[in-house]
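In my numbering, the protein residues as written are 67 to 321. Cβ coordinates follow ideal geometry from the N, Cα and C atoms, glycine included. Quick notes on the structure that follows.
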């Protein structure tokens with residue numbers, strides 16, 4: 067028996083080891099290394115399910131540039147307010163439509179606060195407002211980030227019909243049902259969307275109540291070439307400031 071066992075062992079040694087392709091060996095090695103790294107990450111408490119992109123990680127110099135941009139924005143705001151005022155052009159309409167077209171990390175907290183008070187919390191948001199000295203003073207302070215003008219009745223109607231909505235229980239609800247308008251504004255003799263459009267277009271006695279009812283309108287991002295990213299005023303070839311009647315052209319392209 068001992069002789070037979072020895073013979074079998076000699077035959078197995080003669081056969082040699084099974085051949086394993088190099089590709090499979092490399093995959094096994096990489097798998098083992100990855101498993102080891104994950105184990106260490108778990109032990110150290112550094113296991114992150116979702117990796118951050120390199121572009122999302124701010125470097126110290128990014129914070130410095132952002133701080134300087136905000137400081138510069140505040141300085142320029144004060145300069146615009148203190149600048150000697152020329153005779154303002156006659157107001158062509160009691161109704162103004164304001165669109166936020168710029169602004170993110172380069173604005174100072176005061177600028178952001180004014181934009182929030184105008185309900186322009188995000189880019190390409192638009193709101194109707196009553197033309198007053200106080201409004202134009204605010205618009206001067208945030209001029210590099212907004213453009214505005216006097217919408218005609220067709221623009222008012224198109225905007226409200228297509229982009230109009232209200233907030234009910236924290237959710238945006240489009241104005242597809244006149245019952246929604248009647249329940250909120252019926253006491254002011256507005257029973258449907260046409261009544262609401264008329265009240266906005268003529269800046270009626272209950273314009274303020276309508277603005278509380280309507281949410282800020284989320285406009286479409288304009289196609290390339292419509293806005294050029296310039297913070298100069300519109301009258302000097304830029305994007306910002308008062309467009310007067312030309313705001314209607316922009317509304318068509320963003321509605």
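Within the stretch 209 to 285, the runs of beta strand (DSSP E) that reach at least 3 residues and sit entirely inside it are, in chain order, 212 to 215, 231 to 234 and 237 to 240. Counting along the chain, the unbroken alpha helix (DSSP H) around residue 182 starts and ends at 175 to 183. Per DSSP, the continuous alpha helix (DSSP H) segment holding residue 314 begins and ends at 313 to 320. By the CB criterion at 8 Å, residue 196 and residue 160 fall inside the cutoff. Using a Cβ distance threshold of 8 Å, residue 213 and residue 307 count as a contacting pair. By alpha-carbon distance to residue 240, the top candidate from 268, 165, 282 and 220 is 282.
With contacts defined by Cβ atoms closer than 8 Å, residue 193 and residue 201 do not form a contacting pair. Secondary structure at residue 158: coil, using DSSP grouped into helix, strand and coil. By the C-beta criterion, the stretch 223 to 242 is judged to be in contact with the stretch 271 to 282, since at least 3 inter-stretch pairs fall below 8 Å. Assignment of beta-bridge partners to residue 164 by DSSP yields 193 and 214. Between residue 242 and the set 290, 273, 262 and 158, the nearest pair of CA atoms involves 262. Taking a C-beta distance under 8 Å as the contact criterion, residue 276 and residue 251 qualify as a contact pair.
In the DSSP assignment, residue 307 falls outside any alpha helix (DSSP H) and within the unbroken beta strand (DSSP E) covering 307 to 310. Setting aside the 5 residues that flank it on each side, residue 204 is surrounded in the same chain by 180 and 184, each with a C-beta closer than 7 Å to its C-beta; the list follows chain order.
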